[in-house]
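Participant: Here the sequence shown stands for residues -30 to -1, 1 to 321, where the numbers follow mature numbering (1 follows the signal peptide of the UniProt record, and there is no 0). We put the beta carbon where it would ideally sit given N, CA and C, even for glycine. Please see the structure below; I have some questions.
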Amino acid sequence: MSRKGALLRGAAALAAAAALIGTIAAPAAAKPHRPHHDPGPVVIAHRGASGYLPEHTLEAYQLAVELGADVVEPDLVLTKDGELIARHEPVLDETTDVEDHPEFADRETTKLVDGSPVTGFFADDFTLAEIKTLRAEERLPDLRPQSAAHDGEFQLVTYDEILDWVATLDEPVVTYPEMKHPSYYADKGMSIEESLADLLDERGLDKRRSPVWIQSFEYQSLLNIDKLVDNRIGLNIDGQGAIPNAALNEYARTLDTISLNKNRIFPRDADGYLQEPTDIVERAHRRGLDVHVWTFRAENTFLPADFRSSDDPAARGDYLAEFELFYDLGVDAVFSDYPDLAVEAREACRA
């Protein structure tokens, strides 16, 4: 896919999305690290504008910038020939039309991912040329039929192609790649850390002030890549409950950021209602760590019970109220499937 062709096709996708969501805001320039006193957090487009268009497509990233995102987040997995592509998981089944390709039927297999057996079509069993014959599909079609209407339209893209696109923009935009399942690749004799570091080095984007931040759920993987590049790095931490000071002290010595599940800050009870916030943001900031939070979505099924508008899981609830809780605590960045809503909430809090 040529850059010109991608941009032209992306323009058509943006126009279609605009008809669905109303007036699109002008693109916002990405900022470097914001000090804690700067009003409002950085807005990270989670897998692109993934609430509106199939995730991890160039079109979803383009729309995210049009909607005011400061940062776009591509999850990265490896192909058989070692290329970094933007997909949420090594398995392609939920987000592509791979099952509609009879020529690949024999590629379905079962592998261990994080110690658990997973059956499906794995990107590392496909060359990049084969990956390019697939098309993206919406992961949550029942909740997001407007996005599913674009199934089959968009190619899968490499991180290299995303960086090519970013280089064409009038304003700088940060990319925030997440290395997915590094241990899975290490077990196969592949290194996602080295692949990413080599690409950043080739493009001169491996510096401390480069507009590339790096993240992973695997702490050791971050320590490994930190030996290869000087970029800002952050650990993703799932779950709910306290994080000990000893762990924060260790992270402060080795990382720039902790990226937290929302429940680490505002836990929920068994019925989904919010409990009192923890002090994790304050404790992390005292140690010089930035705090990023994920993932903000507008649909009732993802919101705390306090903010749901009805029993319809796909209907929008009071997403502004949820954003406000976290913005008031001074978090440094938020991941959102709907970057325009995160920007809207930020502007409301500033006002």
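#1: According to DSSP, is Gln24 part of a helix, a strand, or is it coil?
#2: For Leu192 and Asp168, I'd like the C-alpha separation in whole angstroms.
#3: Note down the Cα distance separating Asp67 from His58, rounded to an integer number of angstroms.
#4: If you reduce the DSSP assignment to three classes, tell me which class Thr138 lands in.
#5: Give the straight-line distance between the Cα atoms of Ile195 and Glu163, rounded to the nearest whole angstrom.
#6: Which residue marks the beginning of the beta strand (DSSP E) containing Thr265, and which one marks its end?
#7: What is the DSSP secondary structure of Phe74, counted as helix, strand or coil?
#8: Between Asp260 and chain D, is there a C-beta pair that is closer than 8 Å?
#9: Out of Arg320, Glu25, Ala216, Ala285, which has the shortest C-alpha to C-alpha gap to Asp121?
#10: Count the C-beta pairs between the region 20 to 35 and the region 89 to 97 that are closer than 8 Å, then say yes if the count reaches three, no if not.
#11: Check Ser117 in the structure and name its three-state DSSP category.
#12: According to DSSP, what are the bridge partners of Leu193?
#13: Provide the residue span of the beta strand (DSSP E) that contains Thr14, from first to last.
#14: According to the Cβ coordinates, are Phe187 and Asn206 closer than 8 Å?
#15: If you follow the beta strand (DSSP E) that Val83 is in, where does it begin and where does it stop?
#16: Would you tell me roughly how many angstroms separate the C-alpha atoms of Glu269 and Leu290, rounded to the nearest one?
#17: Excluding five sequence neighbours on each side, which residues of the same chain lie with their C-beta closer than 6 Å to the C-beta of Phe293?
#18: Verify whether the separation of the beta carbon atoms of Thr271 and Asp307 is less than 8 Å.
#19: Excluding the five sequence neighbours on either side, which residues of its own chain have a C-beta within less than 7 Å of the C-beta of Pro5, listed in chain order?
#20: Assign Glu73 to buried or exposed, taking buried as 16 or more other Cβ atoms, counted over all protein chains shown, within 10 Å of its Cβ.
#21: DSSP state of Gln32, grouped into three classes?
Facilitator: Quick answer:
#1: In the sequence under discussion, the amino acid at residue 24 is Pro, which differs from the Gln named in the question. Coil.
#2: Here the alpha carbon of Leu192 sits roughly 15 Å from the alpha carbon of Asp168.
#3: One Cα belongs to Asp67, the other to His58, and the distance between them is close to 15 Å.
#4: Coil.
#5: So the alpha carbons of these two residues sit roughly 5 Å apart.
#6: 260 to 266 is the span of the beta strand (DSSP E), which, as asked, contains Thr265.
#7: In this structure, Phe74 counts as helix in the three-state DSSP scheme.
#8: Among the chains in the structure shown there is no chain D, since it carries only a single protein chain.
#9: Among Arg320, Glu25, Ala216, Ala285, the Cα nearest to that of Asp121 is on Glu25.
#10: The region 20 to 35 is not in contact with the region 89 to 97.
#11: Under the three-state reduction of DSSP, Ser117 is assigned to helix.
#12: In the DSSP output, where bridge partners are listed per residue, Leu193 has none listed.
#13: Here residue 14 is Ile; the residue named in the question, Thr, does not match the sequence. Ile14 -> beta strand (DSSP E) spans 12 to 16.
#14: A contact, by the Cβ cut-off of 8 Å.
#15: Run containing Val83: 79 to 83, per the beta strand (DSSP E) assignment.
#16: If you draw a straight line from the Cα of Glu269 to the Cα of Leu290, it is about 12 Å long.
#17: Same-chain partners within the cutoff: Ala315.
#18: No; because the gap between Cβ atoms is not below 8 Å, this pair is not in contact.
#19: Here the model assigns Pro5 a pLDDT of 36, short of 50, so the residue's position is not dependable, and the following value carries that caveat. Apart from the 5 residues on each side of it in sequence, Pro5 has no Cβ closer than 7 Å to any other Cβ in its chain.
#20: So Glu73 ends up on the exposed side.
#21: Residue state, collapsed to three classes: helix.
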